[in-house]
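**Q**
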Ligand code: FES
Ligand code: FES
């Protein structure tokens, strides 16, 4: 079946079997391998992408269901090739990753949180990422990274005069 979708601000058309997941279509057909394959049954969150801005497990969605929707993968968050978003940079600075397997899903989940809540509390951050499993970090540095990014984004949005006070 032909599926037309917007991936990272680019319209693409793919030809997929009806049973193919969005996860496999992203990785195999579009070569967007930053979306990781983990449990493949909706538990770990490694495959998280944004569908129309909301975090979705790509292993639980069929590619045909994404027809006409906007998909954002980790490759779509960087402002330019070779650059990192504020959130990605915060993960690096706070050591919010070790093996990195959960990291794309964590960052996309956190990105969606910060899009709708620019000043999340620690509890809100913990709640937002509660569906994403990390086997390495113990979560402390991941929460710290998201707090750090939220602070930086808030400072960047302050009017110049207020920031100079
Ligand atoms: S691979 Fe999709 S939730 Fe684990
Ligand atoms: S950094 Fe290894 S699974 Fe999270």
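Numbering (the numbering used here), first residue to last: 2 to 166.
No residue lacks a Cβ here, since even glycine has one placed at the ideal position from N, Cα and C.
According to the neighbour-count rule (16 or more other Cβ atoms, all chains shown, within 10 Å of its Cβ), is residue 155 buried or exposed?
**A** Answer is exposed; the Cβ neighbour count stays below 16.
**Q** For the beta strand (DSSP E) holding residue 7, just list the boundary residues, first then last.
**A** 3-8
**Q** Going by Cα to Cα distance, which pick from 32, 56, 36 and 34 is closest to residue 129?
**A** 56
**Q** State buried or exposed for residue 89, treating a residue as buried only when at least 16 other CB atoms are found within 10 Å of its CB.
**A** buried
**Q** For the candidate residues 142, 92, 65 and 61, whose alpha-carbon lies nearest to that of residue 13?
**A** 65
**Q** Over what stretch of residues does the alpha helix (DSSP H) that includes residue 107 continue unbroken?
**A** 104-117
**Q** Which residue comes first and which comes last in the beta strand (DSSP E) that contains residue 88?
**A** If you look at residue 88, you'll find it isn't in any beta strand (DSSP E); it sits in the alpha helix (DSSP H) that goes 87-94.
**Q** Nearest to residue 81 by alpha carbon, out of 10, 32, 62 and 30?
**A** 10
**Q** Let me check understanding here. Comparing Cα to Cα, which of 59, 140, 54 and 35 lies closest to residue 43?
**A** Residue 59 holds the alpha-carbon nearest to the alpha-carbon of residue 43 among 59, 140, 54 and 35.
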